[in-house]
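Asker: Quick one: the structure is below, questions incoming.
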Amino acid sequence: MAQLAHVPSDQQQVIYKEFEEGTGNVVIIARAGVGKTTTAVSGIQFASERKILFTCFNKKIEIEGNKKLAALGMKDKAKYQTFHSLGCGVVMRFWEGVRVCENFERSNNLTNAVCGGTAPDAIKRLISKLHTLGREILPHARKAEELFDLAVQMECVPDEQWEKDGFDLTFVCRKSVEAMELAASEKPKDGFIDYSDMIFLPVRNKWLSKIYDMVIVDEGQDLTGAKLELSKGVCRGRMMIIGDNMQAIYAFLGASMDMLDQLKLQLDAKELRLTKTFRCGKAIVREAQVLVPDFEAADGNHEGEVIDLPVADLVPTAGPGDFILSRLNAPLVSFAMRLLRNGKRTKIAGKNIGKGLIDLIRKFRARSVPDLLTKITNWEKNEQARLKARYADKLDSPAYTTRSEAITDQSVMLAEITETCKNVDEVTQKILALFTDDGLGDAGVITCSSVHKSKGLEAKRVFVLMDTLRDYNQEELNIKYVAITRAINTLFYVRGL
Numbered sequence: 037m038a039q040l041a042h043v044p045s046d047q048q049q050v051i052y053k054e055f056e057e058g059t060g061n062v063v064i065i066a067r068a069g070v071g072k073t074t075t076a077v078s079g080i081q082f083a084s085e086r087k088i089l090f091t092c093f094n095k096k097i098e099i100e101g102n103k104k105l106a107a108l109g110m111k112d113k114a115k116y117q118t119f120h121s122l123g124c125g126v127v128m129r130f131w132e133g134v135r136v137c138e139n140f141e142r143s144n145n146l147t148n149a150v151c152g153g154t155a156p157d158a159i160k161r162l163i164s165k166l167h168t169l170g171r172e173i174l175p176h177a178r179k180a181e182e183l184f185d186l187a188v189q190m191e192c193v194p195d196e197q198w199e200k201d202g203f204d205l206t207f208v209c210r211k212s213v214e215a216m217e218l219a220a221s222e223k224p225k226d227g228f229i230d231y232s233d234m235i236f237l238p239v240r241n242k243w244l245s246k247i248y249d250m251v252i253v254d255e256g257q258d259l260t261g262a263k264l265e266l267s268k269g270v271c272r273g274r275m276m277i278i279g280d281n282m283q284a285i286y287a288f289l290g291a292s293m294d295m296l297d298q299l300k301l302q303l304d305a306k307e308l309r310l311t312k313t314f315r316c317g318k319a320i321v322r323e324a325q326v327l328v329p330d331f332e333a334a335d336g337n338h339e340g341e342v343i344d345l346p347v348a349d350l351v352p353t354a355g356p357g358d359f360i361l362s363r364l365n366a367p368l369v370s371f372a373m374r375l376l377r378n379g380k381r382t383k384i385a386g387k388n389i390g391k392g393l394i395d396l397i398r399k400f401r402a403r404s405v406p407d408l409l410t411k412i413t414n415w416e417k418n419e420q421a422r423l424k425a426r427y428a429d430k431l432d433s434p435a436y437t438t439r440s441e442a443i444t445d446q447s448v449m450l451a452e453i454t455e456t457c458k459n460v461d462e463v464t465q466k467i468l469a470l471f472t473d474d475g476l477g478d479a480g481v482i483t484c485s486s487v488h489k490s491k492g493l494e495a496k497r498v499f500v501l502m503d504t505l506r507d508y509n510q511e512e513l514n515i516k517y518v519a520i521t522r523a524i525n526t527l528f529y530v531r532g533l
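The C-terminal position of the sequence shown is numbered 533 in the working numbering, with every residue numbered one higher than the one before it.
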């Protein structure tokens, strides 16, 4: 019998018994802050399998997980590995001597090979971006129309002038599919692959070998089809999927809203549950229970508090280490600038968001701030009209909704940032200073974040901008649940935007 460093709950005991005696596949529904990593790592001690893989989404989790396994003396039995690291190992077995490039050389080489001199640089950049996304999210795509929605959602659509010149969305999607076919069929002459290849090549080329006795998948609700295929392809024994169906908020990145239900059917899997949170105060848990009735507070949790806060009191109340969460990014910009003016160190989560805004500014080629504001307004109007025309018969589709919101969000953010700037260069510098992926949640900084960016994080005090949330479908309700469950001690409902 394994020695545990904690007293297991009733639910954990059931899971440990499954590790020890089970023979089939399992889906574990693990709510927010329930100690799923501790449970999974401890459970491995009970398993009879000798070669166990724990797949995860980022390098930090891989490093921390392997440290925990080493501390328990299990590093020879089990290992954590990111999906990309797993796929990279597969590629290197088939294409000996390849290396990983850290820049865009691989994607640009593929684009140049399929376009030659027939496309302008601006269109080539869109093609490079789209086939890079396609390789990772839709690896089996072989027709241009299969990339259509992805291109719209991820801002790979040519502007109006390029469309008039013949370089329309169909051209971008067709060339992207050709680039994907080339990527799969030929070992790169310079010996370099990129991160998308790590997912794409093993799946597309069916290079996977069943070498692990057990595969445990973390954050199962966020699996794309490609990552699921990768995990199943290396497993010769049983699979254990851990996730929270109520934290499924990444449909726009290819994750299915009902992925865990699908997995239960595909794998003929038993369902087990971890529902008792050790993170959130009891008052916060009661709020989350409105959305997720089986969410429970551990017996020893503090009471915590939920406070309704008028929007006028947000800036005076927020302090170092706090999170301010919003469904959209634009409201965060306004509050971040006000906090900074009040001498409070503030960052907005999302370096890529800032980069996207700077790319737009460069595209506008504005001569002055008034010129920039005019071009922002015209751009939003034109983009919304083009999008509506493109989706005229399916305005309720996720692709249309996601892209429409993103256009408005970018426009409002740029208008907010530009408000007090004297010139266009100052706008760019302000964006660079505001948006980051470093230091989020630090004790000395107020972190402003979209709910999507905050997933996996927590803070003692969390302010949720309630007027930015919606409730018209399950994904929106999941977003609210994720926002609520970031809070440890105090949850502020900020109202009146």
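All C-beta atoms in this analysis are idealised placements derived from N, C-alpha and C, irrespective of residue type, glycine included.
All figures in this text were calculated on a predicted structure; none of them were measured in a lab.
1) So what does G279 bridge to, in DSSP terms?
2) What residues in its chain sit with their C-beta under 7 angstroms from that of T472, if we drop five residues either side in the sequence?
3) Please work out which residues of its chain come closer than 8 angstroms, Cβ to Cβ, to G133, disregarding the five sequence neighbours upstream and downstream, and give them in chain order.
4) If we ignore side chains and look at the alpha-carbon of each, how far apart do C209 and L408 end up?
5) Who are the Cβ neighbours of V530 in its own chain at under 7 angstroms, not counting the five residues just before and after it?
6) Quick one: using the 10 Å Cβ neighbour count with 16 as the cut-off for buried, is H338 buried or exposed?
7) Quick check on the burial criterion: 16 or more other C-beta atoms within 10 angstroms. Buried or exposed for V43?
8) Report yes if the C-beta distance between I229 and K380 is below 7 angstroms; otherwise report no.
9) Would you kindly check if the distance between the Cβ of M449 and the Cβ of N509 is under 7 angstroms?
10) List the endpoints of the continuous alpha helix (DSSP H) containing R86.
11) May I have the straight-line CA-CA distance separating K103 from G109, to the nearest angstrom?
12) Put M37 into one of helix, strand or coil per three-state DSSP.
13) Measuring straight from C-alpha to C-alpha, what distance separates Y436 and I173?
14) Going by DSSP, name the residue or residues bridged to F228.
15) Does the beta-carbon of L301 have 16 or more other beta-carbons within 10 angstroms, so that it is buried, or is it exposed?
16) What does the Cβ neighbour count give for S267, buried or exposed, with the cut at 16 atoms within 10 Å?
17) Whole alpha helix (DSSP H) runs in the segment 320–374 with 4 or more residues, listed along the chain?
18) Please identify the residue among R272, I278, F236, N145 whose C-alpha is closest to the C-alpha of E225.
19) Is Y508 helix, strand or coil by DSSP?
20) Quick check: A215 and V239, are their CB atoms within less than 7 angstroms of each other?
21) Within 10 Å of its beta-carbon, does M37 have 16 or more other beta-carbons around it, so buried, or fewer, so exposed?
22) From the DSSP output, in three-state form, read off V16 for me.
23) Closest by CA to G69, which one among S370, T313, T526?
24) Rounding to the nearest angstrom, what Cα-Cα distance links F55 and A83 in this structure?
25) Could you spell out the range, first to last residue, of the beta strand (DSSP E) harbouring Q117?
26) To the nearest angstrom, report how far apart V62 and R422 are at their CA atoms.
27) Apart from the five residues on each side of it in sequence, which residues of its chain come closer than 6 angstroms, Cβ to Cβ, to A305?
28) Would you list the one or two residues that DSSP bridges to Y248?
Answerer: Once the coordinates are examined:
1) Taking the first residue of the sequence shown as 1, we reach residue 279 at position 243. Answer is I65.
2) The residue labelled residue 472 in the question sits at position 436 within the sequence shown. If we look at T472 and ignore the five residues flanking it on each side, its Cβ neighbours are K383, K387.
3) By one-based count along the sequence shown, residue 133 stands at place 97. Once the five neighbours on either side are set aside, the close Cβ partners of G133 are G227.
4) Sequence index remark: in the sequence shown, residue 209 carries index 173 (1-based). Sequence index remark: in the sequence shown, residue 408 carries index 372 (1-based). Rounded to the nearest angstrom, the two C-alpha atoms are 30 angstroms apart.
5) For this step, residue 530 is matched to residue 494 along the sequence shown. Answer for V530: L345, V347, L350, F499, V500, L501, M502, listed in chain order.
6) Stepping through the sequence shown from its first residue, residue 338 is reached at position 302. Exposed, because fewer than 16 other Cβ atoms sit within 10 Å of the Cβ of H338.
7) In the sequence shown, counting from the first residue as 1, residue 43 sits at position 7. V43 comes out exposed.
8) Counting from one through the sequence shown, the residue named residue 229 turns up at place 193. Counting from one through the sequence shown, the residue named residue 380 turns up at place 344. No, the pair does not count as a contact, with Cβ atoms beyond the cut-off.
9) If you number the sequence shown from 1, residue 509 lands on position 473. If you number the sequence shown from 1, residue 449 lands on position 413. For N509 and M449, no; Cβs fall outside 7 angstroms.
10) By one-based count along the sequence shown, residue 86 stands at place 50. Taken as a continuous stretch (DSSP letters only), R86 belongs to no alpha helix (DSSP H), as it is neither H nor E.
11) On the sequence shown, residue 103 is found 67 positions in, with the first residue counted as 1. On the sequence shown, residue 109 is found 73 positions in, with the first residue counted as 1. Answer to the nearest angstrom: the Cα atoms are 10 angstroms apart.
12) Taking the first residue of the sequence shown as 1, we reach residue 37 at position 1. In this predicted model, M37 has a pLDDT of only 45, less than 50, meaning its place in the structure is not dependable; the value taken from the coordinates is given anyway. Looking at M37 - three-state DSSP - the assignment turns out to be coil, as it is neither helix nor strand.
13) Within the sequence shown, residue 436 is the residue found at index 400, counting from 1. Within the sequence shown, residue 173 is the residue found at index 137, counting from 1. If you take the alpha carbons of Y436 and I173, they lie about 18 angstroms apart.
14) Here the question's residue 228 lines up with position 192 in the sequence shown. Paired residues: R135.
15) Position 265 of the sequence shown, counted from the start, is the residue given in the question as residue 301. Classification of L301: exposed, given that the 10 Å Cβ count is below 16.
16) Numbered from its first residue, the sequence shown carries residue 267 at position 231. The residue is buried, with at least 16 neighbouring Cβ atoms inside 10 Å.
17) 350–353
18) Position 189 of the sequence shown, counted from the start, is the residue given in the question as residue 225. For clarity, residue 225 is Lys in the given sequence; the question names Glu instead. Closest option to K225, Cα to Cα, is N145.
19) Sequence index remark: in the sequence shown, residue 508 carries index 472 (1-based). Here Y508 sits in coil by DSSP.
20) Against the sequence shown, residue 215 aligns to sequence position 179. Against the sequence shown, residue 239 aligns to sequence position 203. Not closer than 7 angstroms, so no.
21) Against the sequence shown, residue 37 aligns to sequence position 1. Reliability of the predicted coordinates at M37 is poor, the pLDDT of 45 falling under 50, and the value obtained from them is presented with this limitation in mind. M37 comes out exposed.
22) Any question about residue 16 goes unanswered here, given that the chain covers just 37 to 533.
23) Against the sequence shown, residue 69 aligns to sequence position 33. That would be T313, whose Cα lies nearest to the Cα of G69.
24) Here residue 55 is taken as the residue at index 19 of the sequence shown, counted from 1. Here residue 83 is taken as the residue at index 47 of the sequence shown, counted from 1. Their backbone Cα atoms lie some 5 angstroms apart in a straight line.
25) Your numbering for residue 117 matches position 81 in the sequence shown. Unbroken beta strand (DSSP E) run through Q117: 114–118.
26) Within the sequence shown, numbered from 1, the residue matching residue 62 stands at position 26. Within the sequence shown, numbered from 1, the residue matching residue 422 stands at position 386. Computed Cα separation, rounded: 46 angstroms.
27) Walking along the sequence shown from the start, residue 305 turns up at place 269. These residues qualify, in order along the chain: N61, V62, V63.
28) Sequence index remark: in the sequence shown, residue 248 carries index 212 (1-based). DSSP output for Y248 lists C271 as bridge partner(s).
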